[in-house]
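Peer 1: Before we start, here is the structure in question, set down as structure tokens.
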Ligand SMILES: [Fe+2]
Ligand SMILES: [Fe+2]
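So, in structure tokens, the structure goes:
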């Protein structure tokens, strides 16, 4: 069991989620420094969600008596030339995570791991929402162009993806933030 492809990918995913957390913090801090507080708030919130995703996977491994290691995080992009670039990066990151979750799900299915498959269903649903909201934000940002007040007002008004984790979310080790 401990050498299955599913488990190997799931372990790696803890790192991917923490890396997404760090990247979202970098984006949030950049927006904060640009005096765009609504975009900053949005990405600080996204960062916390990614941290929660990592800790949900950790809780799953604890529940199934699997050894857990917390990895260091990978590379983070910090410098952006304009407002649209980090929003594009966020969408690319969500699409990449979707592919990663799909691969873990495929491994669970191939290995006949019904419990693993079931665990990943929530993550698949979450990725549909995350890609959709990141796509919407990019569309609005591109439409707003240099009118950053409009973009900030939109983010404040729509509260995109700000509902927190849904009621059916898996438990997170130490509790969801
Ligand atoms: Fe995530
Ligand atoms: Fe995400």
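Residue numbers (the numbering used here): 130 to 306. C-beta: ideal position from N, C-alpha, C; glycine also. Only a predicted model underlies this, so the values are computations on that prediction, with no experimental measurement involved.
(1) Please list the segments of the alpha helix (DSSP H) lying wholly inside the segment 165-231, counting only runs of 4 or more residues, in order along the chain.
(2) So the candidates are 287, 153 and 139; which of them puts its Cα closest to the Cα of residue 204?
(3) So, with DSSP's three-state summary, where would you put residue 257?
(4) Are the segment 226-244 and the segment 280-297 touching, with three or more C-beta to C-beta distances below 8 Å?
(5) Check residue 245 in the structure and name its three-state DSSP category.
(6) Less than 6 Å between C-beta atoms, sequence neighbours within five positions excluded: which residues of the same chain meet that for residue 167?
(7) Measuring straight from C-alpha to C-alpha, what distance separates residue 288 and residue 170?
(8) What residues does ligand 1 have around it, judged by CB closer than 6 Å to any heavy atom, in chain order?
(9) Quick one: is the Cβ of residue 223 within less than 7 Å of any heavy atom of ligand 2?
(10) Whole angstroms is fine: what's the gap from residue 184's alpha carbon to residue 301's?
(11) Is it the case that the CB of residue 294 approaches a heavy atom of ligand 2 more closely than 7 Å?
(12) Given a cut-off of 8 Å, decide if residue 200 and residue 274 are closer than it, judged by their beta-carbon atoms.
(13) Do residue 226 and residue 149 have their CB atoms nearer than 8 Å?
(14) Say the cut is 7 Å; is the CB of residue 308 nearer than that to a heavy atom of ligand 2?
(15) Using the three-state DSSP reduction, which class does residue 288 fall into: helix, strand or coil?
(16) Could you check if residue 259 belongs to the surroundings of ligand 2, using beta carbon to heavy atom distance under 7 Å?
(17) If we call anything under 8 Å between Cβ atoms a contact, is residue 89 one with residue 151?
Peer 2: In short:
(1) Taking 4 residues as the minimum length, the alpha helix (DSSP H) runs contained wholly in the segment 165-231 are 166-192, in order along the chain.
(2) Of the listed residues, the one whose Cα sits closest to residue 204 is 153.
(3) The answer is helix: DSSP assigns residue 257 an H, G or I state.
(4) As far as the Cβ criterion goes, the segment 226-244 does not touch the segment 280-297, which means the pair count is below three.
(5) Helix, per DSSP.
(6) Around residue 167: 281, 284 and 285.
(7) Cα to Cα, residue 288 sits roughly 10 Å from residue 170.
(8) Ordered along the chain, the selected set is 146, 149, 179, 182 and 226.
(9) Within the cutoff, so yes.
(10) In a straight line, the C-alpha of residue 184 is about 5 Å away from that of residue 301.
(11) Every heavy atom of ligand 2 is 7 Å or more from the Cβ of residue 294, so no.
(12) The beta carbons of residue 274 and residue 200 sit no closer together than 8 Å.
(13) A contact, by the Cβ cut-off of 8 Å.
(14) Because residue 308 is not part of the residues shown, which for the chain are 130 to 306, the question remains open.
(15) Residue 288: coil per DSSP, three-state reduction.
(16) Yes - ligand 2 has a heavy atom lying nearer than 7 Å to the Cβ of residue 259.
(17) In the structure displayed, the chain extends from 130 to 306; residue 89 sits before or after that span and is not available.
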